[in-house]
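Engineer: Residue numbers (the numbering used here), protein chains in the order written: chain A, 16 to 498; chain B, 223 to 437; chain C, 2 to 221. All C-beta atoms in this analysis are idealised placements derived from N, C-alpha and C, irrespective of residue type, glycine included.
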Amino acid sequence: MNSPVSSRAEQEQIDATTKWPVLAFLGSAVFWLVVGGVFQLGASIQTHSPTFLAECEWFAHGRLAPAALDVLVYGWGFNAAFAVSLWLMARLSLASLRHGGWLLIAGKFWNIGVFLGVVGVLGGWSTSYELLEFPRFTVLLLIAAYAMIAVWVVTTFSLRNTENVFASQWYLLAAAFFFPWLYSIAQVMLLKAPVAGTLQAIVDAWYVSGIYTLWFIPLGLAIAYYFLPKLLGRPINLYYTAPLGFWWLISCGVLLGGIRLINAPVPVWVPTLGIASALLLPLPLVVVALNLLGTIGRDAGRAAASPTLSFIGLSIVSFLAWGVLTIVTSARGVATTFQFTLGPAGLDWLALYGVFSTAAFGAAYFIVPRLTGREWASPALVRAHFWSAALGLGLFTVASLVGGFKQGALLNDPSVPFGDIGPALAPWLAARSVALILGAIGHLAFAVNFFWAACPVNSGKCRPAVVSAPPDLPAPVGSEAHA
Amino acid sequence: MSDVPDKFRLEQSAASDESVQEVHSRLRANLPDKEHGYSKTPLILLGVMCTLVFFGSIYVAHYSIRFDPLVVNAHADRAKPDDGTKVVVTRAQLGKRVYQANCMLCHQANGQGQPNVYPPLAGSEWLANEERMIRIVLHGVNGPITVAGKEFNNAMTPFGGALSDEQIANVLSYVRSDWGNSHPEVDPATVARIRAETAARKTPFTAAELLQIGN
Amino acid sequence: MKNGLLIFVGLFTLAALSWAVMLLAPHRQYGGLGPAVDPVEGSVHPYGTSGLAAQGRLVYQDLGCATCHTQQVRLGTADLERKWGARPSYARDYVKDGVVLLGSSRLGPDLRNVGARLGDVPAAEYAEWFHKVLYAPSSVAARKPAHPFLYDVRPVNPGQASHKALRLTGSAAPAAGFEVVPTPRAEALVAYLTSLKDTYEYPDETKRNAPPPADQKGGH
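#1: So, is the C-beta of L274/B closer than 7 Å to a C-beta in chain C?
#2: Relative to the C-alpha of E42/C, which residue among A344/B, V397/B, V311/B is closest?
#3: Going along chain A in order, which residues have a C-beta closer than 9 Å to the C-beta of E407/B?
#4: Tell me whether H405/B sits in a helix, a strand or coil according to DSSP, three-state version.
#5: For my contact list, A314/B and D409/B are in at a C-beta cut-off of 8 Å; report their separation, rounded to the angstrom.
#6: Helix, strand or coil for A422/B? Go by DSSP, reduced to three states.
#7: Within the 7 Å Cβ cut-off, does L18/C reach chain B?
#8: According to the Cβ coordinates, are A377/B and N364/B closer than 7 Å?
#9: When DSSP labels each residue in this structure, what does V182/C get in the three-state scheme?
#10: Report the three-state DSSP secondary structure of M76/A (helix, strand or coil).
#11: Measuring alpha carbon to alpha carbon, tell me which residue in V100/C, L169/C, V22/C is nearest L205/A.
#12: So, is the C-beta of Q56/C closer than 7 Å to a C-beta in chain B?
#13: By the three-class DSSP mapping on this structure, what secondary structure does D111/C have?
#14: For L197/C, which residues from the same chain have a beta carbon less than 7 Å from its beta carbon, with the 5 sequence-adjacent residues on both sides left out?
#15: Apply the 10 Å Cβ neighbour rule to C272/B and answer buried if 16 or more other Cβ atoms are within range, or exposed otherwise.
#16: Which residues of chain A have a Cβ atom closer than 7 Å to the Cβ of P426/B, listed in chain order?
#17: Under the rule that 16 or more other beta-carbon atoms within 10 Å means buried, what is A421/B, buried or exposed?
#18: Quick one: grab the DSSP three-state call for V37/A.
#19: Would you say V182/C faces chain A, with C-beta separation under 7 Å as the test?
#20: Can you tell me the Cβ-Cβ gap for G338/A and V302/A, rounded? I've got them flagged as a contact below 8 Å.
#21: Does the beta carbon of N278/A sit closer than 7 Å to a beta carbon anywhere in chain C?
#22: With DSSP run on the structure shown, which of helix, strand or coil describes G139/A?
#23: At the 7 Å Cβ level, is A189/A part of the contact set with chain C, yes or no?
#24: For the candidate residues G434/A, P432/A, A257/A, R385/A, whose alpha-carbon lies nearest to that of E27/A?
#25: My assumption, with CB atoms under 8 Å, is that V374/A sits in contact with S330/A. Please give the rounded CB distance.
#26: Pairing CB atoms from the stretch 184 to 195 of chain A with CB atoms from the stretch 228 to 237 of chain A, are three or more of them under 8 Å?
#27: Return the chain-ordered ranges of every beta strand (DSSP E) run that is complete within the stretch 289 to 373 of chain B and spans a minimum of 3 residues.
#28: Does D30/A have its Cβ less than 7 Å from a Cβ in chain C?
#29: Could you check where the alpha helix (DSSP H) with R29/C kicks off and where it finishes?
#30: Is there contact between the stretch 248 to 256 of chain A and the stretch 299 to 317 of chain A, where contact requires at least three CB pairs shorter than 8 Å?
#31: If distances are taken between C-alpha atoms only, which option among E390/A, L396/A, P442/A comes closest to E233/B?
#32: Flag this pair as yes or no: are the beta carbons of H458/A and G122/A separated by less than 7 Å?
#33: Identify the residues that DSSP records as bridge partners of N158/C: which are they?
#34: So, is P159/C buried or exposed, given that buried needs 16 or more other C-beta atoms within 10 angstroms?
#35: Whole angstroms are fine: how far does the CA of G171/C sit from the CA of A137/C?
#36: Indicate whether at least one CB of chain C lies closer than 7 Å to the CB of R313/B.
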């Protein structure tokens with residue numbers, strides 16, 4: 016086993032091996048983020064102005080809306096996840112990423128798969144299963160690309176130069192393991208050898224729930240667990256509770272799919288089990304709050320001054336909000352009002368964007384200068400990104416929840432003709448569009464900054480980054496002194 | 223280069239990865255020693271865990287309705303249904319379909335037949351004798367025949383080849399019990415016996431032959 | 002938590018548990034559920050769509066109608082009072098649907114029983130109403146995106162107006178000398194929508210989903 020990395024030179028060596036794969040994944044991610052944002056905005060406008068783009072078959076709402084979500088999940092979400100997991104696993108394993116060139120090929124295949132999938136959905140070859148709309152011919156491409164990338168993450172972990180396995184690594188391993196499990200089983204049971212009847216709905220609900228609770232949320236938490244001690248110079252508060260929080264969150268997550276099937280024509284014990292899992296969710300929320308908010312402690316001001324930590328703060332708050340809302344809306348009575356409205360989509364967006372994307376933005380703001388050797392060109396754009404992301408997320412969540420409950424109340428009131436519900440909902444739908452515009456502004460700011468910093472052409476304009484050797488984390492008070 | 227970075231300029235990390243790993247592993251290994259033996263936090267968490275699991279289990283027990291796959295109603299009766307779900311179907315009910323497929327064309331849905339053309343079945347005295355009825359259905363009947371006081375002279379096709387014993391028993395049970403008739407059911411075994419007895423017969427019966435089969 | 006292998010074993014156990022409980026168990030329970038056969042009439046329920054209606058389901062899928070429309074009638078909610086169905090939807094209703102399109106959003110109304118909803122209206126008028134909803138929803142006061150690409154606006158052959166042409170008035174009507182004719186895809190889709198009816202009362206499901214008798218003490 017090599018001696019542990021202790022010098023700045025060796026840390027830079029790890030960064031050098033991760034440079035091209037991570038930047039390539041981040042670049043693709045940013046591209047898909049912008050494209051997906053445009054699609055999503057178009058779909059959102061169509062909800063309150065049904066005539067928008069209606070004549071064009073390729074942009075019919077039933078095709079545009081799923082395409083938008085798929086681009087944001089598989090294009091932006093997965094590429095950003097790959098970038099961050101590779102870098103994070105390399106850094107925490109204190110091991111360099113070997114033969115990273117292969118990852119560029121894997122990334123290309125992944126992007127080709129996403130592109131073909133989106134074209135498939137817009138062109139009318141959608142499978143019509145939520146989050147699995149990409150046509151069958153993209154499946155093997157995506158699985159093969161993913162397998163390569165996950166193998167790299169796991170191999171880097173197994174070749175680690177440190178005995179210790181930190182919390183972020185548990186979450187990264189969980190995510191890396193669960194996605195192929197979820198995806199391949201769902202593809203087999205829905206498309207390859209389809210199960211009959213409403214079993215399909217159960218499989219789809221299991222998959223969609225898994226994507227949010229077992230892939231995106233663990234990745235967001237992995238990022239938060241790493242950057243808080245690293246940037247604040249303090250260990251995670253009550254760290255010994257972290258494994259409990261991890262295992263409990265995963266245990267809840269694996270059975271949570273049923274809450275999407277309340278009142279559905281499936282055996283009633285399936286949603287009941289989902290609701291029971293949601294009932295168990297407060298524990299990991301408490302542990303994560305103790306760990307992460309406790310680490311920030313009174314240093315909220317210092318955290319707010321750092322772009323990385325301000326985004327991560329957004330992520331933590333979103334996670335806690337998501338958790339509480341999931342528990343509350345899983346109760347049968349509340350779910351009967353909440354389901355089939357804007358609300359569940361708002362909650363899903365809170366997981367994808369609030370928990371994961373904000374953390375990924377924060378991580379990117381830390382990682383990219385270290386890889387390119389150049390600072391971010393414009394602090395103003397960074398600030399603009401943060402505020403538009405925060406405001407956009409907040410507005411979208413509030414509009415979805417409040418509008419959702421209102422819509423649910425109207426749906427469940429038989430004296431209200433269905434035609435009256437649309438106009439009553441229009442202001443909330445419009446608010447969501449506004450929120451997406453705000454978010455898009457932030458993403459453009461991020462994209463501009465990113466390509467300015469990452470692109471080697473602009474070498475004259477930016478100051479070279481100075482990374483001083485990081486000091487050691489202070490040992491916690493009261494623990495044994497060690498040699 | 224410089225001392226304290228500006229706000230939003232490149233931020234420096236406050237700890238190396240190595241020390242992050244090392245310090246946290248020490249935290250895992252040495253739980254902080256509290257003076258009073260147990261730290262409050264894990265006890266509270268333990269309490270939370272147990273409460274949640276307890277309530278979760280009660281919820282599952284209450285709302286899974288025997289894990290019955292056909293139940294979608296969370297508030298359905300939790301008691302096991304008795305097997306009175308079996309719908310009792312009589313031969314007459316089954317026979318109705320056979321009648322509609324084969325007999326209705328001539329004898330009509332209301333069993334009245336057509337005056338001077340097809341004899342009625344409603345109120346027909348022939349129905350009382352199942353030996354005769356079975357023979358009629360198996361091999362047909364032609365020539366003059368008196369039904370309910372009216373004369374008919376037509377040919378009825380045999381149905382022995384088209385219908386099984388079960389079907390013939392069913393349709394006769396239906397005809398004998400509907401439209402005001404009330405005669406007992408016909409058993410498929412009877413049909414089978416008569417089919418065997420008349421196996422050699424190639425031509426339809428006549429009324430005179432049938433009337434000789436006393437009952 | 003130092004041992005990578007232990008972490009992997011733990012994750013695998015949880016994944017296997019999830020699959021076994023949520024996917025395998027329901028599959029064992031009702032994966033082989035077939036249609037119910039009425040003991041008296043001998044009819045099979047559900048019968049399944051075929052022909053034009055089956056093609057229409059493919060059109061429904063490819064246009065992504067499930068994005069805004071659900072196909073499940075819920076028990077104990079206003080769905081029954083809105084006459085979206087005479088009874089709640091049961092799992093058996095979907096066993097013959099190749100792709101089950103339960104949907105998860107109701108920007109538009111539930112469609113599971115839309116074929117039964119217009120009551121005694123003759124089938125041709127029914128189909129006409131669906132075509133109007135798809136071509137020019139504002140003409141029938143429906144607030145939904147139009148799908149004009151499913152229709153051909155073509156010049157009328159002199160003296161031979163197509164019997165399939167839609168009868169539109171006002172702003173939705175085509176220019177003089179033109180008629181709006183549904184394409185085969187539109188006809189298939191309407192055939193599918195007209196076929197959506199779940200009216201059979203399954204004796205087994207009805208019995209098992211009945212609430213407990215009111216006189217039962219301590220029941221729920």
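Structural biologist: Taking the geometry as given:
#1: Here residue 274/B refers to the residue found at position 52 when the second sequence is read from its first residue. By this cut-off, L274/B is not an interface position.
#2: Residue mapping note: residue 42/C aligns to position 41 of the third sequence, counting from 1. For E42/C, the nearest C-alpha among the options comes from V311/B.
#3: Taking the first residue of the second sequence as 1, we reach residue 407/B at position 185. Within 9 Å Cβ-Cβ: nothing; E407/B doesn't reach chain A, min ~38 Å.
#4: As a position in the second sequence, residue 405/B is number 183, starting the count at 1. In this structure, H405/B counts as coil in the three-state DSSP scheme.
#5: Stepping through the second sequence from its first residue, residue 314/B is reached at position 92. Stepping through the second sequence from its first residue, residue 409/B is reached at position 187. The Cβ separation is near 13 Å, so there is no contact.
#6: Along the second sequence, read from residue 1 onward, the residue named residue 422/B stands at position 200. Three-state result, A422/B: coil.
#7: Against the third sequence, residue 18/C aligns to sequence position 17. No, L18/C lies away from the interface with chain B (no Cβ there is under 7 Å from its Cβ).
#8: Mapped onto the second sequence, residue 377/B falls at position 155. Mapped onto the second sequence, residue 364/B falls at position 142. Cβ atoms of A377/B and N364/B: closer than 7 Å.
#9: Counting from one through the third sequence, the residue named residue 182/C turns up at place 181. Note: V182/C maps to strand in three-state DSSP.
#10: Start at 1 with the first residue of the first sequence, and residue 76/A comes out as number 61. Checking the sequence shown, residue 76/A turns out to be His, not Met. It is helical.
#11: As a first step, residue 205/A must be located in the first sequence, where it is residue number 190. Of the listed residues, the one whose Cα sits closest to L205/A is V100/C.
#12: In the third sequence, counting from the first residue as 1, residue 56/C sits at position 55. Chain B, which has no Cβ nearer than 7 Å to the Cβ of Q56/C, makes this no.
#13: Translated into the one-based positions of the third sequence, residue 111/C becomes position 110. Three-state DSSP puts D111/C in coil, outside helix and strand.
#14: For this step, residue 197/C is matched to residue 196 along the third sequence. Excluding positions up to five away in sequence, the list reads L112, R113, N114, V115, G116.
#15: Looking up residue 272/B in the second sequence gives position 50. When all chains shown are included, C272/B counts as exposed.
#16: As a working note, residue 426/B is residue 204 in the second sequence. Going along chain A, no residue has its Cβ under 7 Å from P426/B, so there is no contact; the nearest lies around 50 Å.
#17: Mapped onto the second sequence, residue 421/B falls at position 199. Result: exposed.
#18: Position 22 of the first sequence, counted from the start, is the residue given in the question as residue 37/A. Three-state result, V37/A: helix.
#19: Along the third sequence, one-based indexing puts residue 182/C at 181. Cβ-Cβ to chain A under 7 Å: no for V182/C.
#20: By 1-based counting over the first sequence, the position of residue 338/A is 323. By 1-based counting over the first sequence, the position of residue 302/A is 287. Not quite, the Cβ-Cβ distance comes to about 11 Å (not below 8 Å), so this is no contact.
#21: Position 263 of the first sequence, counted from the first residue, corresponds to residue 278/A. Yes, its Cβ sits closer than 7 Å to a Cβ of chain C.
#22: The residue labelled residue 139/A in the question sits at position 124 within the first sequence. If DSSP states are grouped into helix, strand and coil, G139/A belongs with coil.
#23: What you label residue 189/A is simply residue 174 of the first sequence in a count that begins at 1. Judged by the 7 Å Cβ criterion, A189/A is in contact with chain C.
#24: Along the first sequence, read from residue 1 onward, the residue named residue 27/A stands at position 12. When each option's Cα is compared against that of E27/A, the closest is R385/A.
#25: Against the first sequence, residue 374/A aligns to sequence position 359. Against the first sequence, residue 330/A aligns to sequence position 315. For the sequence presented, residue 374/A should be read as Ala rather than Val. Between S330/A and A374/A the Cβ distance is about 4 Å, and since that is below 8 Å, they are a contact.
#26: yes
#27: 363 to 369
#28: Position 15 of the first sequence, counting from 1, holds the residue named residue 30/A. With 7 Å as the cut-off, D30/A does not count as an interface residue toward chain C.
#29: What you label residue 29/C is simply residue 28 of the third sequence in a count that begins at 1. Segment 26 to 31, the alpha helix (DSSP H) holding R29/C.
#30: yes
#31: Working through the second sequence from its first residue, we reach residue 233/B at position 11. Of the listed residues, the one whose Cα sits closest to E233/B is E390/A.
#32: Residue numbering aside, residue 458/A sits at position 443 when the first sequence is read from its first letter. Residue numbering aside, residue 122/A sits at position 107 when the first sequence is read from its first letter. For H458/A and G122/A, no; Cβs fall outside 7 Å.
#33: Here the question's residue 158/C lines up with position 157 in the third sequence. DSSP, once it has assigned bridges, lists Q161/C as partnering N158/C.
#34: For this step, residue 159/C is matched to residue 158 along the third sequence. Exposed, because fewer than 16 other Cβ atoms sit within 10 Å of the Cβ of P159/C.
#35: By 1-based counting over the third sequence, the position of residue 137/C is 136. By 1-based counting over the third sequence, the position of residue 171/C is 170. Roughly 11 Å between the two C-alpha positions.
#36: Here the question's residue 313/B lines up with position 91 in the second sequence. With 7 Å as the cut-off, R313/B does not count as an interface residue toward chain C.
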